[in-house]
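A.B. asks:
Residue numbers (the numbering used here), protein chains in the order written: chain H, 1 to 389; chain E, 1001 to 1473; chain Y, 2001 to 2410.
#1: If I measure Cβ to Cβ from residue 1014(E) and keep anything under 6 Å in the same chain, skipping five residues before and after, which residues do I get?
#2: What is the residue span of the alpha helix (DSSP H) that residue 2155(Y) lies within?
#3: Mind pulling the chain Y residues with CB within less than 9 Å of residue 106(H)?
#4: Hey, would you say residue 1173(E) sits closer than 9 Å to residue 1155(E), going by beta carbons?
#5: Could you name the residues that DSSP lists as bridge partners for residue 185(H)?
#6: Name the DSSP beta bridge partners of residue 45(H), please?
#7: In its own chain, which residues sit with a C-beta less than 6 Å from the C-beta of residue 292(H), not counting the 5 before and 5 after it?
#8: Kindly indicate which residue of 324(H), 319(H), 361(H) has the alpha-carbon position closest to the one of residue 345(H).
#9: So what's residue 1300(E) in DSSP terms, helix, strand or just coil?
#10: Would you kindly work out how many angstroms separate the C-alpha atoms of residue 2090(Y) and residue 2375(Y), rounded to a whole number?
#11: Hey, out of 1411(E), 1335(E), 1237(E), whose CA is closest to residue 2216(Y)'s CA?
#12: Would you mind stating whether residue 2021(Y) and residue 2347(Y) have Cβ atoms separated by less than 9 Å?
#13: Restricting to Cα atoms, I'd like to know which of 383(H), 115(H), 180(H), 360(H) is closest to residue 417(H).
#14: To the nearest angstrom, report how far apart residue 1218(E) and residue 1105(E) are at their CA atoms.
#15: Alpha carbons only, please: which of 64(H), 279(H), 371(H) is nearest the one belonging to residue 351(H)?
#16: With DSSP run on the structure shown, which of helix, strand or coil describes residue 2331(Y)?
#17: So if I threshold CB-CB distances at 9 Å, which residues from the segment 127-141 of chain H count as touching chain E?
#18: Would you kindly report the start and end of the unbroken alpha helix (DSSP H) that includes residue 1124(E)?
#19: Quick check on residue 98(H) - is its C-beta less than 9 Å from some C-beta in chain E?
#20: Can you find at least 3 beta carbon pairs, one from the segment 2137-2144 of chain Y and one from the segment 2173-2182 of chain Y, that sit closer than 8 Å?
#21: Which chain E residues sit within Cβ distance under 7 Å of residue 2198(Y)?
#22: Which complete beta strand (DSSP E) runs does the segment 2045-2117 of chain Y hold, if anything under 3 residues is left out?
#23: If you draw a straight line from the C-alpha of residue 2163(Y) to the C-alpha of residue 2325(Y), how long is it?
#24: Step through the CB atoms of chain E and report whether any lies within less than 9 Å of the CB of residue 58(H).
#25: Smallest Cα separation from residue 2092(Y): which of 2128(Y), 2067(Y), 2312(Y)?
#26: Using alpha carbons as the reference points, say which of 2242(Y), 2112(Y), 2350(Y) lies closest to residue 2334(Y).
#27: Three-state secondary structure (DSSP) at residue 234(H)?
#28: Check the C-beta distance from residue 2295(Y) over to residue 2213(Y) and give it rounded, since I have them as a contact under 8 Å.
#29: If you follow the alpha helix (DSSP H) that residue 34(H) is part of, which residue opens it and which one closes it?
#30: Looking only at C-alpha atoms, which of 232(H), 154(H), 82(H) sits nearest to residue 26(H)?
#31: With 16 other CB atoms within 10 Å as the buried threshold, where does residue 1422(E) fall?
#32: With distances taken Cα to Cα, identify the nearest neighbour of residue 2340(Y) among 2054(Y), 2200(Y), 2042(Y), 2234(Y).
#33: Going by C-alpha distance, which of 2364(Y), 2095(Y), 2010(Y), 2277(Y) is nearest residue 2177(Y)?
#34: Closest Cβ-Cβ distance between residue 1266(E) and chain Y: below 9 Å?
#35: Taking the alpha-carbon positions, what's the residue 2271(Y) to residue 1079(E) distance?
#36: What's the call for residue 349(H), buried or exposed, on a 16-neighbour Cβ count within 10 Å?
And the structure:
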């Protein structure tokens, strides 16, 4: 047995502790049992891997770490649910395809992931905190035998601050037949972080806070400056007026001709022979009758098409008090021009051709419906307007 | 004693092998031997020449990836083959492929830990690292495929300029949480396992710089048994948390497909089927990596034939689970009486992508069947080839699922044959560059094997006397 | 290996097993008689009774086949922890041929022509397709027809019985010879058996339970029943071990560590069951396709709403929180309580899978179910006890038994 280090115990204030090095699992287990029996409190074993049975031999109590993890797991779960409820069902409600604002099954995956995330972070960091990490400096590191405590040696360390620490301690350790016994002196410097380093860290942290502070400031103040375009996307495109010159096209003009094969709406080639059916007019005069066979099915279709396309603004009874109108009144009360009451004489007296033309081409605020409603259906609506409304 | 025959007296070598498996660590007498063989790699001044060759190659591919991403950002996602009706092409296939590979790491670490499979110790560090790097590659694809990467933070629930929150009903958002959590927990798990080994490297370091850097990351670990106690508890809890997490992550990835109503995607077996596939491909990748690595770095005594054989068995088993899912899907497509389902599956097997389908089936279901034979499970070149087959097969599985269901959907007028562009292919190849660059750096500087855990499964780690609470009967 | 392997002795629990067997037989006869009586009194062509019988039969089937899964998985993984409790699972699989016999009465509702106009069949309405889905069901006739159905079940039981016989007998054979070859042979054979078992059990799940709503389908259904069965057998092992220990057996051979391990697997498979059940529900709920959600719609609307709440809360949250702590897993009586609780909710789960398909508008649950369950479980225990009284409760010459006893959870 080699003994290194100072072995005099006279000046205990300068001694940090005493180490005994063993080279087998059995050695450290046996030593730990003995040291525990002697009643030492401030001591530890340092091993390259967790030695099973050493917890029992040292009398270490079960850690409360699992409880922390459980609590934080619940916190993660409820936090996940709360986050989803607040963002999607409260602060900014997602109304998509008539689905309810809040439906739990779709929120379970994220709540689950949050549970695991919180619990795992807690398991990891409470291990740090309970173990006092990070602690880069320890007087033990100065011991010669200690470098092999992470390799293949098992070191038992008794702290000098233990009440029982004294000459007997060394004798006890010697009796356990270790490879070596080593004393460590208390460190000259206390191992604390120098003030200058602390100051630098403080400044660095403060600087790190600046960007989020600036973002927060930008979010909660108003500015007359235009927004900063880091990536312009398509929101500042070059536009040209009709008759302006342009360098882009070879002919130097901004305006383009329609592509070949484009027809004007009035073009005879589109309308063919049934001019009245397609335009509502013949020889400049509105048709005075529906150019189709009026059957009960035709009338039913007119009612249905009216319900689908017209009632949103004009209301089902044609009064002009449709949902769109009511909503628009709420939002744009000053500038909104409401839909016409279709039951008035002014409308009733119009020729069917005129009504057809209004539906086809739009009138005042009302847009053209010719692309949505086939001509035959427009006539059916006209029939419904004239006869049933 | 006479009626209780000693195992070693039996001549049958198979019997010996099964009942008294060869030691997990071979030809290493002492704990120090383990430390030496693992740490000496990171401490060496030079690596084997093949490391430099591989690293240069990996860097080239990484460069290709960088170039492709630059091209993509400056031009737009039109450089890819994604188009109607196959709007989800290579990016999602590559994403699922890499995430799948990323599953074996945590599975080996966590699940095998919970099941007390000592053999995990030889390969767990390795596969955890693989997980981290594979998840990096996986995360890349959804991030770059959004088109406007500069607003990718919209997927996180942080206030943005539109005053809107992300839609938590979207499975794509679940992905963000699942993959994000998975990456975080895997990283913690990997790092936590590495802390004691980093301390070993710190204590062996010859230069100040190494001592400082390893020291910083070792957090001041000193092997205290009081620390070990909390460490082991935390490690067990992380394992217990990571296990359902592994299941959930690939399940959530499967939800990306399965919540949709597309035939071939909307089926209930998708979550467990994806998980089995992920484990399958992950183990294949572990084999692909560990077979060359154990030869290159001299770990044949730590990653032994027994480890490789066991991994072959896991591959065979999960391969059959995947086969079970293929069969169930086919049966239910018919049994459901749903014509669209039926059509999709016939189209998969006999349609324009039949070549991909049969590549998938032969690689995933047929090729691992060779592992029924013990001789095949011990033939390193063959295992290496099969592991690559499985990697290919699992990539094609995602390709088949994504592309065949989309290319002929409900609207026959939009049916179209999807072909990747050269940018698609080079991006995929480049992602391997990223993966291998990270992996080779890991091999160079960090402990590739969990030193303290391997020591723990050596016979000399177990006490011989009657100590502490070890008290039976 | 030079250390002397300790020897263990056989543990015959003849008296305890006979008591169990006798009590089981008594419960079986009385329970079934009362159930039949109550069923006849309802005057519904015995439909309610057959439903109760089907669920009770499915319940014991999950124990029998769950045991088979358990035994095969222990062999294929070379599990050491379970050696001292495995024999009880081997007794459970020994009942499989008897379960085939218990399945015979189900031929009555299959072939019966009573109630055809109303329901199409007493339990399986595909026997005589009718109503809205008749055309759809007709397209499934190549699979869902009485002859093939019966043929399949003959096949399933033949395969399961052969497997059960082999694995039980080989293990008991080892009690006599101590041959280690047997362990190796069982391990080698368990691989192929497991594949066959997985496939047959999935289809049995489709046939027996899923096809009670012939229009509905789910690819995960086989995995669902596997998860439920595997959970059930662990609970059964806990209860059975507790029974034998109360009777003075297995005292030193099944330790707290074994209970802890069984408890961990109960927890794991409670979670697994929830995972599978949630996956199935979530995908059908989210997809919202009428032919798929109809099955859930019946269950989440009145009068089945409350029963459906039992699934997530009673079958997952309560037992999950109940057995989460290691302290509970290490207290056998408490663990026994949770095992019993999980078996109860397992029965409710099976009932929930089938009953709403037959009774969408009412919850028929009453004494018929209770007595049918008592009856069928009683008969199962009768056979189980008969197995147990002939053989040792312990596979005492299994070569892994010393490893099994040396282990400690930490």
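Every residue gets a Cβ at the ideal spot worked out from N, C-alpha and C, and that includes glycine.
C.D. replies: Looking at the coordinates:
#1: Confidence at residue 1014(E) is low in this model, with a pLDDT of 47, below 50, so its placement is unreliable and the value that follows should be read with caution. Here the set comprises nothing.
#2: Residue 2155(Y): member of the alpha helix (DSSP H) spanning 2146-2177, first to last residue.
#3: 2282, 2285, 2286
#4: yes
#5: 15(H)
#6: 156(H)
#7: 379
#8: 319(H)
#9: It is coil, neither helix nor strand.
#10: 22 Å
#11: 1335(E)
#12: no
#13: Nothing can be reported for residue 417(H), as the shown portion of chain H is limited to 1 through 389.
#14: The straight-line gap from Cα to Cα measures roughly 22 Å.
#15: 279(H)
#16: coil
#17: 127, 128, 130, 131, 132, 133, 134, 135, 136, 137, 138, 140, 141
#18: 1120-1145
#19: no
#20: no
#21: 1324
#22: none
#23: 36 Å
#24: yes
#25: 2067(Y)
#26: 2242(Y)
#27: Annotated three-state conformation of residue 234(H) is coil, per DSSP.
#28: 6 Å
#29: 25-38
#30: 154(H)
#31: Residue 1422(E) comes out exposed.
#32: Scanning 2054(Y), 2200(Y), 2042(Y), 2234(Y) for the CA closest to the CA of residue 2340(Y) turns up 2234(Y).
#33: 2010(Y)
#34: Judged by the 9 Å Cβ criterion, residue 1266(E) is in contact with chain Y.
#35: 44 Å
#36: The residue in question, residue 349(H), is exposed, as its Cβ has fewer than 16 Cβ neighbours within 10 Å.
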